[in-house]
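*Asks:*
2 protein chains.
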Amino acid sequence: MLTKQAEKLAQDRAAVLFQKAGIVLIPEEAEQIEVADFGLGQLERQGLELVTYVNTERYCAKELALFPQQTCPEHKHPPVGGEAGKMETFRCRWGKVFLYVEGEPAAAIQARLPDGSEAAYTVFHEIVLLPGEQYTIAPDTLHWFQGGPDGAVVSEFSSTSRDELDVFTDPAIVRMPVIGQE
Amino acid sequence: MLTKQAEKLAQDRAAVLFQKAGIVLIPEEAEQIEVADFGLGQLERQGLELVTYVNTERYCAKELALFPQQTCPEHKHPPVGGEAGKMETFRCRWGKVFLYVEGEPAAAIQARLPDGSEAAYTVFHEIVLLPGEQYTIAPDTLHWFQGGPDGAVVSEFSSTSRDELDVFTDPAIVRMPVIGQE
Chain A
47 MLTKQAEKLA
57 QDRAAVLFQK
67 AGIVLIPEEA
77 EQIEVADFGL
87 GQLERQGLEL
97 VTYVNTERYC
107 AKELALFPQQ
117 TCPEHKHPPV
127 GGEAGKMETF
137 RCRWGKVFLY
147 VEGEPAAAIQ
157 ARLPDGSEAA
167 YTVFHEIVLL
177 PGEQYTIAPD
187 TLHWFQGGPD
197 GAVVSEFSST
207 SRDELDVFTD
217 PAIVRMPVIG
227 QE
Chain B
47 MLTKQAEKLA
57 QDRAAVLFQK
67 AGIVLIPEEA
77 EQIEVADFGL
87 GQLERQGLEL
97 VTYVNTERYC
107 AKELALFPQQ
117 TCPEHKHPPV
127 GGEAGKMETF
137 RCRWGKVFLY
147 VEGEPAAAIQ
157 ARLPDGSEAA
167 YTVFHEIVLL
177 PGEQYTIAPD
187 TLHWFQGGPD
197 GAVVSEFSST
207 SRDELDVFTD
217 PAIVRMPVIG
227 QE
């Protein structure tokens with residue numbers, strides 16, 4: 047469980063990253079930056095900070111922040127009802143992102159797997175994104191990503207987001223945040 | 047018809063605006079910034095510069111640049127086949143945007159109507175967007191927008207974009223660009 051204090055610290059760090067990327071948030075957005083620790087209790091190594099700008103029944107746009115070497119754990123977006131799973135485009139705005147998807151694995155990946163969770167990472171086709179570079183992830187495709195040495199800011203453009211339906215490789219993961227009381 | 051030279055100048059000016067907004071484009075994107083003069087031959091007053099990051103059958107994301115007082119003419123996105131028209135969210139990243147949609151008109155609008163084209167502007171419900179502020183335009187709704195005194199940079203998140211199907215109030219408008227030879 048993420049404590050209120052840990053959440054606030056992460057929000058402040060993410061706000062600094064957004065600022066470095068030249069991204070302006072209104073105060074309400076900055077105060078409500080979502081901090082996802084995926085129930086793993088090791089936010090620095092496995093976690094994600096995000097702002098959802100808009101999420102309609104047709105499209106979604108978010109801004110993501112990753113601390114240095116912070117990893118968004120491996121997951122996929124399965125079909126929902128008769129509809130294909132979420133399709134998403136990651137565009138690096140600042141820093142560097144190591145992105146891994148299904149496909150030909152890299153001989154040696156540049157990211158560092160989170161200690162103790164190695165078994166929860168199974169796809170190693172490597173895409174490195176620098177500012178201005180982007181990649182579109184097909185629906186229902188396993189992927190995970192990690193911030194580079196200075197962290198990263200990434201814009202996510204996608205079809206409708208239904209985070210609660212994401213399927214994670216690590217069975218220990220709980221996507222929806224559980225934030226503690228002070 | 048936009049000359050190649052005028053197009054290049056507009057691309058360079060738009061690139062400066064994107065830079066001011068902290069938005070990084072890769073060289074291929076900067077060289078291919080779309081310059082829309084809508085066939086009106088008065089780009090400075092009625093036009094738009096844009097980069098389309100991604101446009102799939104499910105969602106679209108673009109970055110728009112407006113010169114000071116440059117106006118994107120009034121139009122709407124009608125239904126296509128059985129599908130609702132394009133829905134779009136404008137998020138101001140830099141500068142100021144005056145946005146007008148159907149609804150209660152402002153007593154006095156802050157934008158200046160383009161000289162000689164006044165009749166082509168019919169909706170005056172005013173929304174002013176500063177950096178970090180955003181607004182979602184419902185499908186099939188007339189709207190137009192103008193850059194403030196320093197211009198503007200706006201991120202557009204939307205359902206699939208089909209610019210060629212846009213319906214403009216001004217019958218003189220041709221949406222798809224006609225670029226001249228040097």
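For the protein sequence lines, the chains are A and B, in the order given.
The first sequence begins at 47 in my numbering and counts up by one.
The second sequence begins at 47 in my numbering and counts up by one.
Note that the Cβ used here is the ideal one computed from N, Cα and C, for glycine as well.
#1: I'd like the list of long-range same chain contacts for residue 219 of chain A, defined as Cβ closer than 7 Å, with 5 residues on each side in sequence excluded.
#2: Going along the segment 181–208 of chain A in order, which residues come within less than 7 Å of chain B, judged by CB to CB distance?
#3: Do residue 201 of chain B and residue 106 of chain B have their beta-carbon atoms positioned less than 8 Å apart in this structure?
#4: Strictly under 8 Å for the Cβ-Cβ distance: is residue 174 of chain B near chain A by that measure?
#5: Please report the distance separating the alpha-carbon of residue 145 of chain B from that of residue 163 of chain B.
#6: First and last residue of the alpha helix (DSSP H) that includes residue 57 of chain B?
#7: Against chain A, with Cβ distances strictly below 8 Å, would residue 228 of chain B count as a contact?
#8: With contact counted as at least three CB pairs below 8 Å, one residue from each stretch, are the segment 62–76 of chain B and the segment 96–112 of chain B in contact?
#9: Nearest to residue 133 of chain B by alpha carbon, out of B/166, B/115, B/142 and B/121?
#10: For residue 73 of chain A, report the span of its beta strand (DSSP E) as first-last.
#11: Between which residues of its own chain and residue 114 of chain A is the CB-CB distance below 8 Å, once the five residues before and five after are set aside?
#12: Any C-beta of chain A sitting closer than 8 Å to the C-beta of residue 105 of chain B?
#13: Indicate the three-state DSSP secondary structure (helix, strand or coil) for residue 186 of chain A in the structure shown.
#14: Identify each residue in the segment 62–73 of chain A for which the Cβ-Cβ distance to at least one residue of chain B is less than 8 Å, and report them in chain order.
#15: So with CB distances below 8 Å, who are the chain B contacts of residue 75 of chain A?
#16: What do you get for residue 71 of chain A, buried or exposed, if any count of 16 or more other CB atoms within 10 angstroms of its CB means buried?
#17: Of the residues that make up the segment 94–124 of chain A, which ones have a beta carbon closer than 8 Å to any beta carbon in chain C?
#18: For residue 133 of chain A, return the contacting residues in chain B, with the cut-off set at a CB-CB distance below 7 Å.
#19: Starting from residue 112 of chain A, trace the beta strand (DSSP E) in both directions and tell me its first and last residue.
#20: What residue from B/60, B/59 and B/81 has the CA that sits closest to residue 49 of chain B's CA?
#21: Got a sec: is the Cβ-Cβ distance from residue 59 of chain B to anything in chain A below 8 Å?
#22: Taking the CB atoms as reference points, tell me whether residue 152 of chain B and residue 172 of chain B lie closer together than 8 Å.
#23: So, for residue 104 of chain A: in the same chain, excluding its five sequence neighbours on each side, which residues have a beta-carbon less than 7 Å away from its beta-carbon?
#24: Nearest-angstrom Cα distance between residue 68 of chain B and residue 176 of chain B?
#25: Quick one, which of A/117, A/147 and A/137 has its alpha-carbon nearest residue 187 of chain A's?
#26: Under 8 Å between the Cβ atoms of residue 102 of chain A and residue 160 of chain A?
#27: Measuring only the C-alpha atoms, how far is residue 51 of chain B from residue 64 of chain B?
#28: Spatial neighbours of residue 189 of chain A within its chain, please: C-beta separation below 8 Å, excluding the five flanking residues on both sides.
#29: For residue 208 of chain B and residue 126 of chain B, which I take to be in contact (beta-carbon distance under 8 Å), what is that distance rounded to the nearest angstrom?
#30: DSSP three-state label for residue 94 of chain A, please.
#31: If I measure Cβ to Cβ from residue 166 of chain A and keep anything under 7 Å in the same chain, skipping five residues before and after, which residues do I get?
#32: What ranges does the alpha helix (DSSP H) occupy inside the segment 160–224 of chain B, keeping only unbroken runs of at least 4 residues that lie completely in it?
#33: Applying the criterion that 16 or more other CB atoms from any shown protein chain within 10 Å of the CB defines a buried residue, is residue 157 of chain B buried or exposed?
#34: With a threshold of 16 other CB atoms inside 10 Å of the CB of residue 62 of chain A, please say whether the residue is buried or exposed.
#35: Would you mind giving the Cβ-Cβ distance between residue 203 of chain A and residue 203 of chain B, rounded to the nearest angstrom? I have them listed as a contact below 8 Å.
*Replies:* On the basis of the data shown:
#1: If you ignore the 5 residues before and after residue 219 of chain A, its C-beta comes within less than 7 Å of the C-beta of 84, 85, 86 and 119, all in its own chain and listed in chain order.
#2: With the criterion set as a beta carbon lying under 7 Å from some beta carbon of chain B, the members of the segment 181–208 of chain A are 182, 203, 204 and 205, in sequence order.
#3: No; because the gap between Cβ atoms is not below 8 Å, this pair is not in contact.
#4: In terms of beta-carbon proximity, residue 174 of chain B stays away from the interface with chain A, with every pair separated by 8 Å or more.
#5: Each residue's Cα considered, the two are about 17 Å apart.
#6: Run containing residue 57 of chain B: 50–66, per the alpha helix (DSSP H) assignment.
#7: The predicted position of residue 228 of chain B is uncertain, since its pLDDT is 40 and thus under 50; a value taken from the coordinates is nonetheless stated next. No, residue 228 of chain B does not count as interfacial toward chain A.
#8: Three or more Cβ pairs closer than 8 Å define a contact, and the segment 62–76 of chain B meets that threshold against the segment 96–112 of chain B.
#9: The residue among B/166, B/115, B/142 and B/121 with its C-alpha nearest the C-alpha of residue 133 of chain B is B/121.
#10: Run containing residue 73 of chain A: none in the beta strand (DSSP E); it sits in the alpha helix (DSSP H), 73–77.
#11: The beta carbon of residue 114 of chain A lies closer than 8 Å to those of 193, 194, 195, 196 and 197 in the same chain, with the five residues before and after it left out.
#12: By the rule that beta-carbons nearer than 8 Å mark a contact, residue 105 of chain B touches chain A.
#13: In the three-state scheme derived from DSSP, where H, G and I count as helix and E and B as strand, residue 186 of chain A is classed as coil.
#14: Residues 67, 68, 69, 70, 71 and 72.
#15: Within 8 Å Cβ-Cβ: 178.
#16: Label assigned to residue 71 of chain A: buried.
#17: Here the protein chains are A and B, and chain C is not one of them.
#18: Around residue 133 of chain A, the beta-carbon contacts reaching into chain B at under 7 Å are 102 and 104.
#19: Residues 106–112.
#20: The shortest C-alpha separation from residue 49 of chain B is found at B/81.
#21: The Cβ of residue 59 of chain B sits no closer than 8 Å to any Cβ of chain A.
#22: Closer than 8 Å, so yes.
#23: For residue 104 of chain A, where only same-chain residues beyond five positions count, the Cβ hits under 7 Å are 206.
#24: So the two alpha carbons sit approximately 15 Å from each other.
#25: Nearest Cα to residue 187 of chain A within the set A/117, A/147 and A/137: A/147.
#26: Not a contact, by the Cβ cut-off of 8 Å.
#27: The straight-line gap separating the alpha-carbon atoms of residue 51 of chain B and residue 64 of chain B is approximately 20 Å.
#28: The answer, listed in chain order, is 120, 121, 122, 145, 146, 147, 148, 169 and 183.
#29: Rounded, the Cβ-Cβ distance is 6 Å, consistent with contact.
#30: Here residue 94 of chain A sits in strand by DSSP.
#31: If we look at residue 166 of chain A and ignore the five residues flanking it on each side, its Cβ neighbours are 119, 120, 215 and 216.
#32: With a minimum length of 4 residues, no continuous alpha helix (DSSP H) run stays inside the segment 160–224 of chain B.
#33: In summary, residue 157 of chain B is buried, with 16 or more beta-carbon neighbours lying within 10 Å of its beta-carbon over all protein chains present.
#34: Residue 62 of chain A counts as exposed, since fewer than 16 other beta carbons sit within 10 angstroms of its beta carbon.
#35: Indeed they touch by this definition, with Cβ atoms about 6 Å apart.
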